[in-house]
Amino acid sequence: MFSILKRKIRRSMRRLRPRFYFETKEGDKLPSLYADQSFKKIITYSLRTIFVIGIATSIVSLPWFIGLPLALILAGVEFTLERAIYTFSSLYFHPVPDAYSAGDWLGIGWTIFPHRNDGNPRFEIGLLFKTPEVAEDVFSTIMSWNYHQGIDDKNNIGFSVIYDENENMYQAFIYPSPERPSLNAAERKEQEQHPALHHNMVQASMIFSMKFDMSEGLRRFIREYERGEEFTIFPYYNLNGTPTRYGNGGVLKHDLRLLPKSELKRGDLEYEMLHF
Numbered sequence: 255m256f257s258i259l260k261r262k263i264r265r266s267m268r269r270l271r272p273r274f275y276f277e278t279k280e281g282d283k284l285p286s287l288y289a290d291q292s293f294k295k296i297i298t299y300s301l302r303t304i305f306v307i308g309i310a311t312s313i314v315s316l317p318w319f320i321g322l323p324l325a326l327i328l329a330g331v332e333f334t335l336e337r338a339i340y341t342f343s344s345l346y347f348h349p350v351p352d353a354y355s356a357g358d359w360l361g362i363g364w365t366i367f368p369h370r371n372d373g374n375p376r377f378e379i380g381l382l383f384k385t386p387e388v389a390e391d392v393f394s395t396i397m398s399w400n401y402h403q404g405i406d407d408k409n410n411i412g413f414s415v416i417y418d419e420n421e422n423m424y425q426a427f428i429y430p431s432p433e434r435p436s437l438n439a440a441e442r443k444e445q446e447q448h449p450a451l452h453h454n455m456v457q458a459s460m461i462f463s464m465k466f467d468m469s470e471g472l473r474r475f476i477r478e479y480e481r482g483e484e485f486t487i488f489p490y491y492n493l494n495g496t497p498t499r500y501g502n503g504g505v506l507k508h509d510l511r512l513l514p515k516s517e518l519k520r521g522d523l524e525y526e527m528l529h530f
């Protein structure tokens, strides 16, 4: 299933990626042409053709009002093509679960321990799934984004909750950070293998997102939690109607984004997802 998805995304990427575009590099005054490496031969032959046309026009006598604009056009095209920067694209896949559907995520539990003094965070979040198999699959994927470490101090796992009191609902988003170290390492490796080319890396990731009704537990969480405070995420599954913790492991984080829907801005991941 995952291999089929990868092939489909790669085909879509080839269709959608720009073959030519102009961009001004830092320190340059004029934009440069960026062209996919597959067009290198075409650009080379185009430069040779311009050279031949230039020789031909110097032999043939043309009126100045034709010769001058033609010479300027040829010079401009040649200047642009000579400065062309050749590009290549690669696709990076963040880990995804083996099998998951939206109905497998049943809810979120919000727990606050007012007087906790055992060294653990007083905020806990429980992700409730339909079965222990789904809980293991999804939470293992989430943990893999943090390289299976129990402390996420680099915010490799993105977690945000957007709520709307008027609609009495909230939507949770859990996703891999686009700045994960392994992605940066993969980008450096690709660039080292093709030092003469400009690298465009495209990311493919899964965003766990689900809409739930507002609860008093979340309202209290919103009132008491301050962004930057530590909290722990644990997986749960439904056992005969009772939320039951799966395993002993969780992940400690310190960056939960709790935001009213009205404060979202265009360009925010959550904004784009809600308006998709």
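Going by this note's numbering, the sequence shown opens with residue 255, and the numbers climb by one from there. Here a beta-carbon is modelled for each residue, glycine too, at the ideal position from N, C-alpha and C.
Legend entry - tyrosine 424 vs leucine 360 beta-carbon contact at 8 Å: Leucine 360 sits away from tyrosine 424, with the two beta carbons spaced by 8 Å or more.
Inset, instruction - Buried or exposed for alanine 426, please, with buried defined as at least 16 other CB atoms from any protein chain shown within 10 angstroms of its CB. - result: Looking at its Cβ environment, which holds 16 or more other Cβ atoms inside 10 Å, alanine 426 is buried.
Inset, instruction - Would you be able to state if there are at least three C-beta pairs under 8 Å between the stretch 375-384 and the stretch 513-526? - result: Too few Cβ pairs lie closer than 8 Å, so no.
Inset, instruction - Sort out for me which residues DSSP pairs aspartate 418 with in a bridge. - result: DSSP, once it has assigned bridges, lists Met423 as partnering aspartate 418.
Legend entry - Selected residue, minimal CA-CA separation from asparagine 400, among Gly504, Tyr479, Leu528, Val415: Of Gly504, Tyr479, Leu528, Val415, the residue nearest in Cα terms is Gly504.
Legend entry - Same chain, Cβ closer than 6 Å to histidine 348, neighbours up to 5 away in sequence not counted: By the criterion of a C-beta distance shorter than 6 Å, histidine 348 is surrounded in its chain by Pro430, Ser459, once the five residues flanking it on both sides are discounted.
Inset, instruction - Go ahead and label arginine 520 buried or exposed: buried means 16 or more other beta carbons lie within 10 angstroms of its beta carbon, across all protein chains shown. - result: Taking a 10 Å sphere around the C-beta of arginine 520, we find fewer than 16 other C-beta atoms and assign the residue as exposed.
Legend entry - Nearest-angstrom Cα separation, counted from alanine 389 out to isoleucine 396: Their backbone Cα atoms lie some 11 Å apart in a straight line.
Legend entry - Close beta carbons around valine 392, own chain, < 8 Å, minus the five adjacent residues each side: Non-local C-beta neighbours of valine 392 in its own chain, meaning closer than 8 Å and more than five positions away in sequence, comprise Pro351, Tyr354, Asp358, Trp359, Leu381, Phe383, Phe462, Pro489, ordered along the chain.
Inset, instruction - Taking the CB atoms as reference points, tell me whether isoleucine 476 and leucine 512 lie closer together than 8 Å. - result: Their beta carbons are under 8 Å apart, which means isoleucine 476 touches leucine 512 by this criterion.
Legend entry - Classification of aspartate 406 by the beta-carbon crowding that lies within 10 angstroms, buried from 16 upward: With 16 or more Cβ atoms within 10 Å of its Cβ, aspartate 406 is classed as buried.
Inset, instruction - Report yes if the CB atom of lysine 295 is closer than 8 Å to the CB atom of phenylalanine 413, and no otherwise. - result: Going by C-beta atoms, lysine 295 is not nearer than 8 Å to phenylalanine 413.
Inset, instruction - Identify the continuous beta strand (DSSP E) that holds aspartate 522 and give its terminal residues. - result: Aspartate 522: not part of any beta strand (DSSP E); DSSP gives it neither H nor E.
Legend entry - threonine 385, DSSP secondary structure in three states: Of the three classes helix, strand and coil, the one that applies to threonine 385 here is coil, per DSSP.
Inset, instruction - Starting from serine 436, trace the alpha helix (DSSP H) both ways and give me its first and last residue. - result: Segment 435-447, the alpha helix (DSSP H) holding serine 436.
Legend entry - Distance between beta carbons of phenylalanine 466 and glutamate 378, contact taken as under 8 Å: Incorrect: roughly 17 Å between the Cβ atoms, too far for contact.
Legend entry - C-alpha distance - proline 435 paired with asparagine 409, whole-angstrom precision: Proline 435 and asparagine 409 have their C-alpha atoms roughly 11 Å apart.
Inset, instruction - Spell out whether any CB of chain B is found under 8 Å from the CB atom of glutamate 470. - result: Checking the listed chains, one finds no chain B in this structure; it contains a single protein chain.
Inset, instruction - State the Cα-Cα distance for the pair arginine 442 and leucine 510, rounded to the nearest angstrom. - result: Going by C-alpha positions, arginine 442 is about 30 Å away from leucine 510.
Inset, instruction - Classify isoleucine 327 as buried or exposed, calling it buried when 16 or more other Cβ atoms lie within 10 Å of its own Cβ. - result: Within 10 angstroms of the beta-carbon of isoleucine 327 lie fewer than 16 other beta-carbons, which makes it exposed.
Legend entry - Beta-carbon proximity check, alanine 329 vs methionine 464, cutoff 8 Å: Cβ atoms of alanine 329 and methionine 464: not closer than 8 Å.
Legend entry - Three-state secondary structure assigned by DSSP to arginine 370: Reduced to three states, the DSSP call for arginine 370 is coil.
Inset, instruction - Could you tell me the boundaries of the beta strand (DSSP E) in which arginine 473 lies? - result: From DSSP, arginine 473 is part of no beta strand (DSSP E) but of the alpha helix (DSSP H) over 470-478.
Inset, instruction - Along the beta strand (DSSP E) that carries valine 505, what are the first and last residues, could you check? - result: DSSP places valine 505 inside the beta strand (DSSP E), whose first and last residues are 505-507.
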